[in-house]
Amino acid sequence: MADKDNIKETKDYGVGIPQATNGFHVKGCNNYGWGMKSRLSKIFNPQSGRTLMLAFDHGYFLGPTSGLERLDLKIPPLAPYIDVFMGTRGALSACIEPALSYQKAVALRCSSGSSILNDDLSFEKVSVSIEEAVRMNADCMAIQVFIGAKGQLSSIENVSKAIDTGNSYGIPTMGVVAVGKEMERTPQYFRLATRMIAEFGAQIVKCYYCDDFETVTASCPVPIVIAGGKKLPEKEALDMCYNALARGAAGVDMGRNIFQSDAPVAMVQAVRAIVHDGIDSKEAYDMYQELKNK
Ligand code: R5P
Numbered sequence: 018m019a020d021k022d023n024i025k026e027t028k029d030y031g032v033g034i035p036q037a038t039n040g041f042h043v044k045g046c047n048n049y050g051w052g053m054k055s056r057l058s059k060i061f062n063p064q065s066g067r068t069l070m071l072a073f074d075h076g077y078f079l080g081p082t083s084g085l086e087r088l089d090l091k092i093p094p095l096a097p098y099i100d101v102f103m104g105t106r107g108a109l110s111a112c113i114e115p116a117l118s119y120q121k122a123v124a125l126r127c128s129s130g131s132s133i134l135n136d137d138l139s140f141e142k143v144s145v146s147i148e149e150a151v152r153m154n155a156d157c158m159a160i161q162v163f164i165g166a167k168g169q170l171s172s173i174e175n176v177s178k179a180i181d182t183g184n185s186y187g188i189p190t191m192g193v194v195a196v197g198k199e200m201e202r203t204p205q206y207f208r209l210a211t212r213m214i215a216e217f218g219a220q221i222v223k224c225y226y227c228d229d230f231e232t233v234t235a236s237c238p239v240p241i242v243i244a245g246g247k248k249l250p251e252k253e254a255l256d257m258c259y260n261a262l263a264r265g266a267a268g269v270d271m272g273r274n275i276f277q278s279d280a281p282v283a284m285v286q287a288v289r290a291i292v293h294d295g296i297d298s299k300e301a302y303d304m305y306q307e308l309k310n311k
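One rule links them: number in the numbering used here = place in the sequence shown (from 1) + 17.
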């Protein structure tokens, strides 16, 4: 193993030089089989190369989050504007009609193991079998990864197990970078965590936006989608989406900044326009206000 004392902070990220994709529109995923690529093509639009995931998996450790007290009321009106439902099997099967998944992908939350009642959230297990992921028609399995936390080893085992079984069935794995007490939200931390997850073999990595984000995306050989994080004023959330995409993110996996918005249906359309239509955040905010006031 390399000596960690001799690892210097390098700066040669090749920012601005795209990684060769060899004909497949999803970065780093050209060498997979047909089924895996088909699922990735449901997630990442082949025209824009991007994705808009709606995250509503918060209840798996938080219970009924503000804005998600009633999944059956909140999620269906947002469905026409998203590419991917990201939720638990319980939320999907109880609250989302299967017909709503027409031309949509499913990112199935497949890890759990702690709750807000625990001081340390970093110990999880893979909590959905591969057979169940197939039954749920999952297009990827989302596994939380806690780099630098007490539960690091078990979460690496979890994501590795999901990748092993997912690869056998042609189902991608999305490693979700966790943040917490031991994990700083710095470019150094996110470069480390995203790169580790990609090297474990995850086909997609989810992480938070940060300064120098272009170095995080450049040094991660598979697509990164950003988490939305806590609710921001709408303009700031739209700025974050725009900046993340401009700095190499392949999409957003946003929850609270959509469903806790004053006007969630207007907000999801504004986010979508940034992701797929290439408008900037000022135009998107104007669009949000216009739709909100209709
Ligand atoms: C991340 O750990 C989980 O997937 C969250 O439930 C989800 O990412 C949160 O989305 P947001 O931060 O946009 O509300």
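The C-beta atom is built at its ideal place from N, Cα and C for all residues, glycine as well.
Since this is a predicted model, take the numbers as computed values, not measurements.
Which residue from the options puts its Cα closest to that of residue i?
i      : options                          : result
Ile60  : Tyr302, Gln277 and Gln220        : Gln220
Asn154 : Ala124, Asp228 and Val32         : Ala124
Ile133 : Tyr49, Val151, Gly165 and Phe78  : Phe78
Gly187 : Gln169, Met158, Ser171 and Pro63 : Met158
Ile180 : Met200, Ile241 and Cys127        : Cys127
Val151 : Gly183, Asn135 and Tyr225        : Gly183
Does the beta-carbon of residue i, which I'm using as the reference point, lie nearer than 7 Å to any heavy atom of the ligand R5P?
i      : result
Gly272 : yes
Gln220 : no
Val176 : no
Val193 : yes
His293 : no
Gly268 : no
Ala122 : no
Please state whether DSSP places residue i in a helix, a strand or coil.
i      : result
Gln64  : coil
Lys223 : strand
Val176 : helix
Gly52  : helix
Arg126 : strand
Met213 : helix
Gly183 : helix
Taking the DSSP output, what are the residues bridged to residue i?
i      : result
Phe78  : Answer is none; Phe78 lacks a bridge partner.
Gln161 : Val193
Lys142 : Ser129
Asp1   : Residue 1 lies beyond the range of the chain shown here (18 to 311); nothing can be said about it.
Gly104 : Leu125
Met200 : Gly197
For residue i and residue j, which I take to be in contact (beta-carbon distance under 8 Å), what is that distance rounded to the nearest angstrom?
i      : j      : result
Val239 : Ala215 : 5 Å
Phe73  : Gly104 : 5 Å
Glu307 : Ser278 : Wrong, their Cβ atoms sit about 14 Å apart, outside the cutoff.
Ile164 : Met200 : 7 Å
Leu85  : Gly76  : 6 Å
Ser236 : Arg212 : 6 Å
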